[in-house]
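Residues 1 to 332 in our numbering are what the sequence shown lists, from first letter to last.
All C-beta atoms in this analysis are idealised placements derived from N, C-alpha and C, irrespective of residue type, glycine included.
Written out below as structure tokens is the structure these notes cover.
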Amino acid sequence: MKNAKFLSLILIVVLSACGGEASPSMGGNKPAMSQERQSEAPIMAKPAANAPASTDQMKKAGGGGGGGRTEQTTRTQTSLDQTQKSQNQSTTERKIVRNADLQLESDAPADAQQKITAIAEGKGGFVLESQQSSSDVRVTTRDVVTMTVRVPASKFEEALEEIRKTASRVIVESVKSDDVTEDFIDTESDLKAKRALEAQFLEIMKRANTVEDALEVQRELGDVRSEIEKLEGHKRFLENQTSLSTIKVRVQTPAAISANSTGFFYRLQEAFGKGFDIALNFILGLVSVVIALLPFLLLIVLPIVLIIRYLVKKGRKNRTPSEIVAEELKKE
């Protein structure tokens, strides 16, 4: 009998949590409904241990005419909770993720790289990634610097303006903003509800009388704590994305313009260079093939040739004088 009551208590707590999770999906009332789950869950957990007594009390309350006043009080309290939560949601600070992509042109990308690093660190940020490379385009060498910096969201505009000034020209600029306020509020509401459910299971764990009951509660508690960890991780991710803005920068040297790039000698030089490259690649490919086939020739082809020569010589030694004379006559 005790086990049945204990299992019914666990079932009521789980069902109340599931019902509470379904209600937030109805729109902007999610924070208010999460608060209701916190206030109602302990009330639902206590009567489950004494189910018959609670049923008798409900019958007496209904017969005495006090049910109307109780229902009215509950509705009033619910309305107050919803109003309070709606006000809290309206006053919540907006959570905006702001990122930018810049493609700049500078005569000295290395100097611009140092300036951008100083700007990020001066604003309280840091350099997440930095890479420097150069591309040889036969006529000239073009230096390229790519960087990813993170700065506090409050210093985003200042940092962006100063980074622009490090280059002689802005080729491409892209700024993106993403409002994650609703996602942040939903995550906080789910987190509060899961923590309240965790507290309920801890109270039930204290009243467990058998090992089977304790294991059942422990399993449910483990699932709840796993969900809490996921929600906390998602909340930390949102806080990190909104507190720090990401700026990706690409700085490159100006493209060289050749005055005689379309002249006869320039084209002749290009044709000769391409022909030389093709011939060199062909020779290198041929050498690579020979080197790759060399083990095959030494280990397989060479023994076969030696065996054939041995058999031919052996056949000649075994010939009779008449066969030798006949062969010589055929040659004549």
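Given that a residue counts as buried once 16 or more other Cβ atoms are within 10 Å of its Cβ, and exposed if not, what is residue i?
{"i": "D190", "result": "buried"}
{"i": "P109", "result": "buried"}
{"i": "D111", "result": "exposed"}
{"i": "L293", "result": "exposed"}
{"i": "V249", "result": "buried"}
{"i": "K95", "result": "buried"}
{"i": "Q269", "result": "exposed"}
In its own chain, which residues sit with a C-beta less than 8 Å from the C-beta of residue i, not counting the 5 before and 5 after it?
{"i": "Q241", "result": "V97 and V180"}
{"i": "A255", "result": "R142"}
{"i": "K235", "result": "F184, T187, E188 and L191"}
{"i": "P129", "result": "Inspection of the sequence shows that residue 129 is occupied by Glu rather than by Pro. Same-chain partners within the cutoff: T146, M147 and T148."}
{"i": "S134", "result": "T141, R142, D143 and V144"}
Would you say residue i and residue j are within 7 Å of each other, going by their C-beta atoms?
{"i": "G125", "j": "V149", "result": "yes"}
{"i": "F276", "j": "L238", "result": "no"}
{"i": "S245", "j": "V175", "result": "no"}
{"i": "E227", "j": "K194", "result": "yes"}
{"i": "V224", "j": "E188", "result": "no"}
{"i": "A159", "j": "S243", "result": "no"}
Can you give the Cα-Cα distance for residue i and residue j, rounded to whole angstroms?
{"i": "L280", "j": "S288", "result": "12 Å"}
{"i": "A22", "j": "V217", "result": "Below a pLDDT of 50, predicted positions are generally treated as unreliable, and A22, at 46, falls in that range; the measurement from the model is reported next regardless. Between A22 and V217, the C-alpha separation is close to 22 Å."}
{"i": "A167", "j": "T253", "result": "10 Å"}
{"i": "I307", "j": "K313", "result": "10 Å"}
{"i": "E105", "j": "M147", "result": "14 Å"}
{"i": "I291", "j": "P303", "result": "19 Å"}
{"i": "G273", "j": "G315", "result": "58 Å"}
{"i": "A271", "j": "F264", "result": "11 Å"}
{"i": "K165", "j": "I278", "result": "45 Å"}
{"i": "D178", "j": "E232", "result": "20 Å"}
{"i": "E93", "j": "E182", "result": "11 Å"}
{"i": "A196", "j": "L221", "result": "11 Å"}
{"i": "R219", "j": "E229", "result": "16 Å"}
{"i": "L297", "j": "A326", "result": "37 Å"}
{"i": "V364", "j": "L329", "result": "The chain is shown from 1 up to 332; residue 364 falls before or after that span and cannot be answered."}
{"i": "I283", "j": "P295", "result": "20 Å"}
Return the chain-ordered list of same chain residues with a C-beta closer than 6 Å to the C-beta of residue i, the five sequence neighbours on each side being excluded.
{"i": "V145", "result": "P109, Q113, Q132 and V251"}
{"i": "I247", "result": "A100 and V149"}
{"i": "K155", "result": "K123"}
{"i": "E162", "result": "I119"}
Say yes only if the C-beta of residue i is nearer than 6 Å to one or more non-hydrogen atoms of the ligand NAD, and no if none qualify.
{"i": "L284", "result": "As for the ligand NAD, it is missing from this structure, which has no ligand bound."}
Quick check: the segment 204–220 against the segment 163–171, are at least 3 beta-carbon pairs closer than 8 Å? No, the segment 163–171 does not touch the segment 204–220.
Does the count of Cβ pairs from the segment 208–227 and the segment 115–134 closer than 8 Å reach three? With the cut-off at 8 Å, the segment 208–227 and the segment 115–134 do not touch.
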